[in-house]
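Residue 96 in my numbering sits at position 111 of the sequence shown, and the numbers go up by one each step. Glycine is no exception: its CB is placed at the ideal position from the N, C-alpha and C atoms. Values in this document were obtained by computation on a predicted structure and should not be read as measured data.
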Amino acid sequence: MDISKISVKKIRELIVFTAFLVVALWKFDVVLDVLKAIWGILFPFVLGGAIAFVTNVPMSFLEKKIFGRVKKENKAVEKLARPISLFLTIVFAVGVIVMVMFGVIPQLTRTMGTLMMSIADFIPQMQSWIREFSHNNQEIMKLVDQVQFNPDQAIKWGISLLGNGAGNMMNTTMSAVGSIVSGLATFFIAFSFACYVLFQKEKLHVQVRKVLFAFLPKQKADAFLKVCSLTYRTFANFLAGQCLEAVILGCMFVVILSILRMPYALLIGVLIAFTALIPIFGAFIGCAVGSFLIFMVNPKQAILFIIVFLVLQQIEGNLIYPHVVGESVGLPSIWVLAAVTIGGNLMGIVGMLVFIPLLSVFYTIFREFVYLHLKKQHIKQVTATKIEEYTQDNTGNNISLKNPYFCELTGLYWAWKNLEAENIGLVHYRRYFTNKKKIPKEENEKFKIVLTQNETEELLKKTDIILPKKRKYYIENLYSHYEHTMYIEPLDETRRIIEEKCPEYLSEFDKLHKRTSAHMFNMFIMKKEILDEYCTWLFDILFELEKRTDASKYDSFHARFYGRISELLLDVWVNKNKIKYEEVKVMDMQNVNWLKKGTSFLNAKFTGKKYGKSF
């Protein structure tokens, strides 16, 4: 190793880290005590953050649904929207607790009393059945007669279990709840902190972003914020979906069991709703307990209950769950099972709930990491039998060296010269066609609604070209907009070339630049024979423009004028040749900062400052 090439700063950091590590291992008990003390101080705020995270899901839903439109028009409503939404959320949570305390618990108490008597009555019946079945076998009956049941002793045993065994289980799996109950002051601090976070979440978000971008490289800060956003969406969607799905399933059981006049309908419905919060295994736990309860009353109805459970589970799994929870978690079934198993072993019931969205986040990040590395190696797809690589535009007949100036047109040229296909199209990595009205915010969800091959083929049966919906500029025409935002000389030179080489298009060229809208972005899908005609005309003009214009006098952004001019030439060619087209919606894969875009436009129009980047 060449020490001279290693920075002194990194060596110093390594020495300091090693020293801290040695001290920590040497005085491990002291370090552990310090960490416990720090955790004791931080715990109320960590708990408050958890409360804020969970509460934010229903609060944001209520705020959007109740005050979404009104608060934009009324400042007073805007100020009151969040406090009212938070208040309604708290009222709802307290209402659920009260309902459980005064609705479910009394019935549970009565049910337990009835169950004790049912078991006491059932045991003699069971002994009688066994006696008949075994033909009064003395050895078997000796064992059966030893089975005794005393309701009073069972109640005492149940109280003891709740006081000891259940208490221990709650301490291991629900330690946070135990801390809340044991320390009222801790809960008050946590709740106050949660309220502050909820009321000031936008401001806190900006402050966190400032800190990250101040102390981290921009790329790392962006990556960290992306992971945080993904984590929040995954956990929020999972918790909301899982709770709603459990409520629906519980209500279904209450209604069906009541219609069938089965005992303990409300109790079993509530039990299944709570156990259904545990993915995969939960509802079956509720089924086992429910079957036992009904069996004590009527064995035949217990069999009917199991059949009802299996039917409702199929309805829930195939109809309700996909629509309520959907693919918000985004984990294959095998990994869901792994998450539940690992989470249950490490953290009990809480782990079963937390590990599914947590593993989903890691799964998504790792998947993107894999795809990125595959892309770097030019691998498009890996199957069981073959590896399909991306075809680069520097193969065959190409103009790939012109990419800094021609942009996506180098790909179009390659497709024109090298592909033999019925239809050929061009889109961007930043924009795709879609026929859906509602566009999701998440990029991964956007890819699911991209215009499909079947949809494209159906459109091309009734038209020649698929074009994006026209972009409208309203305030100024296309020429003035280009003049204000870009350098106009290449566009004026293009007009002169058209006048010389194909004057029949000049009229349409002039008409277009007086309009306030056009099919932009260099996006289209067209039949191959039409593409041949268009590309022959387009590249003839652009190559001539290249001869007459020195792109090196512009910076890298403005040197890409060939691609921008081709955006304007597309409509000139379509209109002149009266090509039949169908417009399709375009969605931006990345969020557009309309504030920056609008500010840059105003600066360009009124101060003469040209655009410096794409928006």
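Could you tell me the alpha carbon to alpha carbon distance between residue i and residue j, rounded to whole angstroms?
i, j, result
"residue 352", "residue 381", "32 angstroms"
"residue 398", "residue 409", "11 angstroms"
"residue 232", "residue 46", "17 angstroms"
"residue 446", "residue 364", "33 angstroms"
"residue 156", "residue 326", "Any reading at residue 156 must be qualified, since the residue scores a pLDDT of 49, below 50, and its modelled position is unreliable; the value itself is stated next. If I take the Cα positions, the gap works out to 20 angstroms."
"residue 6", "residue 22", "19 angstroms"
"residue 515", "residue 485", "23 angstroms"
"residue 260", "residue 323", "19 angstroms"
"residue 269", "residue 219", "25 angstroms"
"residue 371", "residue 394", "30 angstroms"
"residue 292", "residue 83", "33 angstroms"
"residue 279", "residue 252", "11 angstroms"
"residue 77", "residue 378", "59 angstroms"
"residue 15", "residue 357", "44 angstroms"
"residue 518", "residue 483", "16 angstroms"
"residue 585", "residue 539", "19 angstroms"
"residue 421", "residue 267", "36 angstroms"
"residue 245", "residue 328", "37 angstroms"
"residue 297", "residue 188", "45 angstroms"
"residue 528", "residue 457", "29 angstroms"
"residue 451", "residue 438", "13 angstroms"
"residue 35", "residue 200", "26 angstroms"
"residue 501", "residue 203", "37 angstroms"
Going by the beta-carbon positions, is the gap between residue i and residue j smaller than 7 angstroms?
i, j, result
"residue 510", "residue 441", "yes"
"residue 226", "residue 257", "no"
"residue 206", "residue 215", "no"
"residue 221", "residue 31", "no"
"residue 414", "residue 547", "no"
"residue 504", "residue 556", "yes"
"residue 37", "residue 179", "yes"
"residue 476", "residue 550", "yes"
"residue 444", "residue 552", "no"
"residue 449", "residue 563", "no"
"residue 416", "residue 542", "no"
"residue 3", "residue 44", "no"
Helix, strand or coil: how does DSSP classify residue i here?
i, result
"residue 571", "strand"
"residue 425", "coil"
"residue 366", "strand"
"residue -3", "helix"
"residue 456", "strand"
"residue 470", "helix"
"residue 481", "helix"
"residue 417", "strand"
"residue 372", "strand"
"residue 356", "helix"
"residue 566", "strand"
"residue 616", "No answer is possible for residue 616: it lies beyond the span of the chain, which begins at -14 and ends at 600."
"residue 431", "helix"
"residue 378", "coil"
"residue 337", "helix"
"residue 607", "Absent from the structure is residue 607, since the part of the chain shown begins at -14 and ends at 600."
"residue 461", "coil"
"residue 383", "coil"
"residue 576", "coil"
"residue -14", "For residue -14, the pLDDT reaches just 44, beneath the cut-off of 50, and the residue's location in the model is therefore unreliable, leaving the point undetermined."
Taking the continuous alpha helix (DSSP H) assigned at residue i, which residues delimit it?
i, result
"residue 500", "Run containing residue 500: none; DSSP gives neither H nor E here."
"residue 403", "394 to 403"
"residue 230", "203 to 244"
"residue 443", "438 to 445"
"residue 174", "169 to 184"
"residue 390", "388 to 391"
Could you check where the beta strand (DSSP E) with residue i kicks off and where it finishes?
i, result
"residue 453", "450 to 453"
"residue 408", "408 to 411"
Please confirm whether residue i has its beta-carbon closer than 7 angstroms to some beta-carbon of chain B.
i, result
"residue 428", "Reference to chain B is not applicable here, since this structure consists of a single protein chain."
- Query: Which ranges would you report for the alpha helix (DSSP H) in the segment 18 to 87 if only whole runs of at least 4 residues count?
  - Reply: 55 to 58 and 60 to 84
- In chain order, which alpha helix (DSSP H) runs of at least 4 residues are fully inside the segment 249 to 289? 250 to 260 and 267 to 282
- Message: Ignoring anything shorter than 4 residues, give me the alpha helix (DSSP H) runs that lie fully in the segment 483 to 549, in order along the chain.
- Response: 491 to 498 and 513 to 533
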